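Asker: Counting in UniProt numbering, the first sequence runs from 1 upward without gaps.
Glycine included, C-beta positions come from ideal geometry on N, C-alpha and C.
Every value quoted in this text rests on a predicted model; they were computed, and no experiment measured them.
Once you've had a glance at the structure underneath, I'll fire off some questions.
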Amino acid sequence: MVDGVKEVCKKKWRAVRCCYDFSANFFQKPTPVQIVGESRARELEQSAQSARLALQAWWANNARDLPWRNESTTPWGVLVCEVMSQQTQMSRVVPYWNAWMAQWPDAAALAQADKADVIRAWGRLGYPRRALRLQECAQQVAAQYDDRLPSDYDELLALPGIGDYTASAVLSFAFGKRVAVIDTNIRRVLSRAFLGIESLGGSCTPLERALAWVVLPKAAGESAVWNQAVMELGAIVCTAKQPLCEQCPLRAQCAFVKAGMPGLGERRTRPRQKFAGTDRQVRGKIMQALRALPTGQTLQYKDAQKLCDDAAQLDRCIASLDEDGLIEIVNGHDMRLPA
DNA sequence: ATCCCGGTGT
DNA sequence: ACACCCGGAT
C-alpha cells in the first residue's frame, strides 16, 4: 500500500472511530444515546429543545457581523475561513479572509497560485504550514472534485489540513448537514450547560462527543444555527475564565450555574509549548524576514544569523522549514520562499 | 503526547 | 508572564 493511501486510511479510521453515529452499525460501537444513557438522553433532548429557542433569539441579536456570514459565501470560502480560524482569533482572520478570497475566489485559483504568494498572503496569521496545506487541498479539490468541495465527511477528512473540526464545520455551515461540530468553545458550553461541569481540555472525551450529538437539533437546518450559536456563545459570553452569565440566554437552565459553578475555569490545559526561545519563535522570525523580501530574492545565511543567537537552533529551524516546504535552500545555506 | 505561530486579553 | 484562540499532523 502506497504511503498516500495509508495516510488516508489512518485518517478515515480515526474518523469513524470518532463518529459513532456513522460507524455504530458496522463497528458495533455504542451510539451517543447509549453512551449518555437512555433516560439521561431523553432529559437532555428536552432541555436542549428549550435551549435552542433561547439560543436562536440570542443569535439573531448578538451574532458578530463577520464577512463570511453571508449568503453568497461559497463552501470553499467557508473552508478557507475555518482553516484560517484554527487556533487564530476571528477578528484577526477577517482582513486576511477578505484579501484571500478576493485574490483566489475558488480552489482552482488557489491551486495555480505561486507558493511564495500563498505564504506571503498568509502573512502573520501564524502556523504557515496551514497555508501550504490549504493550497494542497485546493489542488486536490480542483483536480479530483472538479473544483467543487465534496460534501462527504470522509472525503473532506482525507483532504490536507482538514481534521474532524474543519470537516464537520464545512458540512454544517456550508452544506447545512446535520453534524455535531466540536471545538473547545462548544465543548465548554455544552459541558457547562447540560452536564454542569467544566470541560477539562485535552482530547475530546466520548461523553463530550456523545453529548454534542444528543443535544443537536433533529432538523438539519436548525442544527447549523445551533452549532454557530453555541460556538458564538462560547466565544462571547460563556468564556473560559470570566463567563458573562448575566448576558447568557441559557442562564435559567444552566446546569453549571445550578451546581454553583464548581471549579470555574479549571482546565487541565493541554501542555502547550512555551514560545520565547523556542524553535517556533525562530522559525517565525525567519519566515517574517523572507516574507518581507521581494519575490525571488534570497535571505543570506549571515543575515539569518542575526535572528538567532544559537547557531545549532538556527540550523535546525532552517532544516525543518525546508522539510515543511516553507523555504528553499539556495547556494548551500541561503534561503528563499519556494517557487 | 508534541510540535507548530502570532496577536490579544488578563 | 500566562492562557487563550471556532486544530491538524505526526
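Checking the sheet assignment: what are the DSSP bridge partners for Asp309?
Answerer: Asp309 is not bridged to any residue.
Asker: May I ask you to report which of helix, strand or coil DSSP gives Glu328?
Answerer: In this structure, Glu328 counts as strand in the three-state DSSP scheme.
Asker: Looking at C-alpha atoms only, which residue of Gln46, Gln135, Thr31 is the closest neighbour of Val215?
Answerer: Ranking Gln46, Gln135, Thr31 by Cα distance to Val215 puts Gln46 first.
Asker: Check whether the stretch 297-304 touches the stretch 246-264, counting contact only when three or more Cβ pairs, one atom from each stretch, lie closer than 8 Å.
Answerer: At 8 Å Cβ cutoff, the stretches do not touch.
Asker: On the CB-based measure, 16 or more other CB atoms within 10 Å of its CB, does Gln89 come out buried or exposed?
Answerer: Gln89 should be labelled exposed.
Asker: What does DSSP give as the partner residue(s) for Leu299 in the beta ladder?
Answerer: Paired residues: Met335.
Asker: Given a cut-off of 8 Å, decide if Ala108 and Ala158 are closer than it, judged by their beta-carbon atoms.
Answerer: It is not a contact, given that the beta carbons lie outside the stated cut-off.
Asker: With DSSP as the reference, label Phe275 as helix, strand or coil.
Answerer: Coil, per DSSP.
Asker: If I measure Cβ to Cβ from Trp68 and keep anything under 7 Å in the same chain, skipping five residues before and after, which residues do I get?
Answerer: Excluding sequence neighbours, Trp68 sits near Gly77, Val78, Cys81, Trp97.
Asker: Do you know how far the Cα of Arg52 is from the Cα of Arg336?
Answerer: Looking at the two C-alpha atoms, the distance is approximately 52 Å.
Asker: Determine the direct distance from the alpha carbon of Val257 to that of Glu246, and round the result to whole angstroms.
Answerer: Straight-line Cα distance between these residues: approximately 11 Å.
Asker: Which one of Gly161, Leu290, Gln313 has the shortest CA to CA distance from Gln86?
Answerer: Selected option, being the one with the closest Cα: Gly161.
Asker: Find the nearest neighbour of Gly277 within the set Leu207, Cys317, Thr298, judged by alpha-carbon distance.
Answerer: Of Leu207, Cys317, Thr298, the residue nearest in Cα terms is Cys317.
Asker: Can you list, in chain order, the stretches of the alpha helix (DSSP H) that have 4 or more residues and sit fully within the UniProt domain "HhH-GPD" (84-236)?
Answerer: The UniProt domain "HhH-GPD" (84-236) contains these whole alpha helix (DSSP H) runs: 90-103, 107-112, 115-122, 129-144, 153-157, 164-169, 184-190, 206-215, 220-236.
Asker: Roughly how many angstroms lie between the CA atoms of Asp114 and Tyr145, to the nearest whole one?
Answerer: Roughly 21 Å separates the two Cα atoms.
Asker: Measuring straight from C-alpha to C-alpha, what distance separates Thr31 and Ser39?
Answerer: Approximately 14 Å, taken between the alpha carbons.
Asker: Quick one: give me the first and last residue of the alpha helix (DSSP H) that Gln242 is part of.
Answerer: Segment: none, Gln242 is in no alpha helix (DSSP H) and carries neither H nor E.
Asker: Which of the three DSSP states is assigned to residue 340 in this structure?
Answerer: This structure does not reach residue 340, given that the chain is present from 1 up to 339, and the question cannot be answered.
Asker: What number of angstroms, rounded off, separates the C-alpha of Cys254 from the C-alpha of Arg187?
Answerer: Distance between the alpha carbons of Cys254 and Arg187: 14 Å.
Asker: How big is the Cα-Cα spacing for Ala167 and Asn70?
Answerer: Near 20 Å, if we compare the C-alpha coordinates of Asn70 and Ala167.
Asker: Compute the distance between the beta-carbons of Gln56 and Val170, then report whether it is under 8 Å.
Answerer: Their beta carbons are not under 8 Å apart, which means Gln56 does not touch Val170 by this criterion.
Asker: Do Gly325 and Leu132 have their beta-carbon atoms positioned less than 8 Å apart in this structure?
Answerer: Taking 8 Å as the Cβ cut-off, Leu132 and Gly325 qualify as a contacting pair.
Asker: Look at the Cβ atom of Ser191, then the Cβ atom of Ile182, and state whether they are nearer than 8 Å.
Answerer: Not in contact: Ser191 and Ile182 (Cβ atoms no closer than 8 Å).
Asker: Looking at the structure shown, is Leu53 part of a helix, part of a strand, or coil, going by DSSP?
Answerer: Correct three-state label for Leu53: helix.
Asker: Measure the CB-CB distance between Met231 and Pro128 and report whether it falls below 8 Å.
Answerer: Not a contact, by the Cβ cut-off of 8 Å.
Asker: Near Gly234, what residues of its chain come up, given a Cβ to Cβ distance below 7 Å and the 5 sequence neighbours on each side ignored?
Answerer: The answer, listed in chain order, is Asn185, Ile186, Arg188, Val189.
Asker: Please state if the CB of Arg267 and the CB of Ala240 are separated by a distance shorter than 8 Å.
Answerer: Against a cut-off of 8 Å, the Cβ pair of Arg267 and Ala240 comes out as a contact.
Asker: Which value, in whole angstroms, describes the spacing of the CA atoms of Gln103 and Glu43?
Answerer: About 49 Å.
Asker: Does DSSP classify Ser72 as helix, strand or coil?
Answerer: Note: Ser72 maps to coil in three-state DSSP.
Asker: Count the other CB atoms, across all protein chains shown, that sit within 10 Å of the CB of Ala41; report buried if there are 16 or more and exposed otherwise.
Answerer: When all chains shown are included, Ala41 counts as buried.
Asker: Short check: CB of Pro217 to CB of Ile35, under 8 Å?
Answerer: Cβ distance not < 8 Å, so Pro217 and Ile35 don't count as in contact.
Asker: Check each candidate in Arg280, Ala116, Gly176 and name the one with the smallest Cα separation from Ala339.
Answerer: With distances taken between Cα atoms, Ala339 lies closest to Ala116.
Asker: Determine the extent of the alpha helix (DSSP H) in which Ala255 is found, giving its start and end residues.
Answerer: First-last of the alpha helix (DSSP H) with Ala255: 255-258.
Asker: Taking the continuous alpha helix (DSSP H) assigned at Gln34, which residues delimit it?
Answerer: That run of the alpha helix (DSSP H) goes 32-36.
Asker: Leaving out five residues on either side along the sequence, give the residues of the same chain with a beta carbon under 6 Å from the beta carbon of Ser172.
Answerer: Around Ser172: Val179, Val181, Ala224, Asn227.
Asker: My understanding is that Leu314 touches Val282, with C-beta atoms under 8 Å, so please give their C-beta distance in whole angstroms.
Answerer: Correct: roughly 7 Å between the Cβ atoms.
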